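K.L.:
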Amino acid sequence: MSRNNPLSMGRDIAIDLGTANTLVYVRGQGIVLNEPSVVAIDMRDGKPVAVGWEAKRMLGRTPKHIEVIRPLKDGVIADFDVCEKMLRYFIQRVTTSRWSKPRMVICVPSGITGVEQRAVQDAAEYAGARRPVHIIEEPMAAAIGADLPVHEPSGNMIVDIGGGTTEVAVISLGGIVVAQSVRVAGD
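Written as structure tokens, this is what we have:
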């Protein structure tokens, strides 16, 4: 990996924060977490009761004071506080020290606004990531993950169908030449 790639330095994690599922990659270990993007919240005190698979199993089976929430909609944060709690839980699950602040890269849809991008960065920082949180567009992350020659002078077309968005992009010379994000997908 290159010197400018945030994952090439130290103890780092990358998160694919998806509408349906969240994946966490730890450098040197690969993908260490793949859980549904679902949180069960006790509405009396606002604290999470369950996150991921456990929360998903609770859908439709909770008492009145527990609400099961999907904090992302159409690839972006719909409930900031719940998303931050979910990220905090996932970060704590994959880091060795309770006090560690890992460097982080998070995937975002290619068509999100600056405000939506800032919300992702803020949620990750509040959840315990070291500043700055690096953002990478989902098509570029997919191309790198598929080991495509993204720095070559030829085009590579990427189609990434997620739970909340479908991303289509052409990548060449280390950048996205053209991209389209449609908030329709497979969830």
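Here the sequence shown is numbered in this note's numbering, starting from 8 and rising by one per residue.
We put the CB at the ideal spot given by N, CA and C, even for glycine.
Only a predicted model underlies this, so the values are computations on that prediction, with no experimental measurement involved.
(1) Can you round the beta-carbon distance between Ala-192 and Val-175 to whole angstroms, since I take them to be within the 8 angstroms contact cut?
(2) With distances taken Cα to Cα, identify the nearest neighbour of Val-189 among Ser-179, Val-177, Thr-172.
(3) Nearest by alpha-carbon distance to Arg-18: which of Glu-42, Gly-35, Pro-55 is it?
(4) Identify the continuous alpha helix (DSSP H) that holds Glu-132 and give its terminal residues.
(5) Could you check which residue in Pro-55, Ser-179, Gly-162 has the C-alpha nearest to that of Ser-44?
(6) Only counting the same chain, and skipping five residues up and downstream in sequence, which positions put a Cβ closer than 8 angstroms to that of Ala-149?
(7) For the segment 44-73, list the beta strand (DSSP E) runs that are entirely contained and at least 3 residues long, ordered along the chain.
(8) Would you kindly work out how many angstroms separate the C-alpha atoms of Val-115 and Lys-92, rounded to a whole number?
(9) Does the beta carbon of Leu-94 fall short of 7 angstroms from some heavy atom of the ligand MN?
(10) Note the first and the last residue of the continuous beta strand (DSSP E) segment covering Met-30.
(11) With distances taken from CA atoms, which of Leu-24, Tyr-96, Val-184, Ile-183 is nearest Ile-84?
(12) By how many angstroms is the C-alpha of Cys-90 removed from the C-alpha of Ala-131?
(13) According to DSSP, which residues form a beta bridge with Cys-114?
(14) Taking DSSP as the reference, what is the three-state secondary structure of Arg-10?
(15) Just to confirm before moving on: does the CB-CB distance between Val-112 and Gln-128 stay below 8 angstroms?
(16) Looking at the strands, I want to know which residues DSSP matches up with Thr-173.
(17) Taking the alpha-carbon of Ile-7 as reference, which of Gly-59, Asp-81, Ser-107, Met-65 has the nearest alpha-carbon?
(18) For the alpha helix (DSSP H) that Leu-155 lies in, which residues bound it at each end?
P.N.:
Taking the definition as stated:
(1) Position 185 of the sequence shown, counted from the start, is the residue given in the question as residue 192. Position 168 of the sequence shown, counted from the start, is the residue given in the question as residue 175. For a cut-off of 8 angstroms, the C-beta gap from Ala-192 to Val-175 is around 12 angstroms, too long to register as a contact.
(2) On the sequence shown, residue 189 is found 182 positions in, with the first residue counted as 1. Of Ser-179, Val-177, Thr-172, the residue nearest in Cα terms is Thr-172.
(3) If you number the sequence shown from 1, residue 18 lands on position 11. Looking at the Cα atoms, Gly-35 is the closest of the given residues.
(4) Locating residue 132 in the sequence shown gives position 125, counting from the first residue. Bounds of the alpha helix (DSSP H) holding Glu-132 are 121-133.
(5) As a first step, residue 44 must be located in the sequence shown, where it is residue number 37. Closest option to Ser-44, Cα to Cα, is Pro-55.
(6) To locate residue 149, count along the sequence shown from 1; it is residue 142. Around Ala-149: Ile-165, Asp-167, Glu-174.
(7) The DSSP assignment places complete beta strand (DSSP E) segments of no fewer than 3 residues inside the segment 44-73 at 46-49, 54-58, in order along the chain.
(8) Here residue 115 corresponds to residue number 108 of the sequence shown, with the count starting at 1. Here residue 92 corresponds to residue number 85 of the sequence shown, with the count starting at 1. Lys-92 has its alpha-carbon roughly 18 angstroms from the corresponding atom of Val-115.
(9) Only the bare structure without any ligand can be found here, which leaves the ligand MN out of the picture.
(10) For the purposes of this step, residue 30 is taken as residue 23 along the sequence shown, with counting starting at 1. The sequence given here has Leu at residue 30, not Met. Its beta strand (DSSP E) spans residues 28-33.
(11) Stepping through the sequence shown from its first residue, residue 84 is reached at position 77. Taking only the C-alpha atoms, the option nearest Ile-84 is Leu-24.
(12) Working through the sequence shown from its first residue, we reach residue 131 at position 124. Working through the sequence shown from its first residue, we reach residue 90 at position 83. Those two C-alpha atoms are separated by around 9 angstroms.
(13) Taking the first residue of the sequence shown as position 1, residue 114 is located at position 107. According to DSSP, which records beta bridges pairwise, Cys-114 is partnered with Asp-23, Ile-143.
(14) If you number the sequence shown from 1, residue 10 lands on position 3. Note that Arg-10 has pLDDT 44, beneath the 50 cutoff, so the model's placement of it is unreliable and no number is given.
(15) Here residue 112 corresponds to residue number 105 of the sequence shown, with the count starting at 1. Here residue 128 corresponds to residue number 121 of the sequence shown, with the count starting at 1. Going by C-beta atoms, Val-112 is not nearer than 8 angstroms to Gln-128.
(16) Taking the first residue of the sequence shown as position 1, residue 173 is located at position 166. BP columns for Thr-173 point to Ile-168, Val-189.
(17) Past the edges of the chain, shown from 8 to 194, lies residue 7, and the structure says nothing about it.
(18) Within the sequence shown, residue 155 is the residue found at index 148, counting from 1. Note, Leu-155: premise wrong, no alpha helix (DSSP H); not H, not E.
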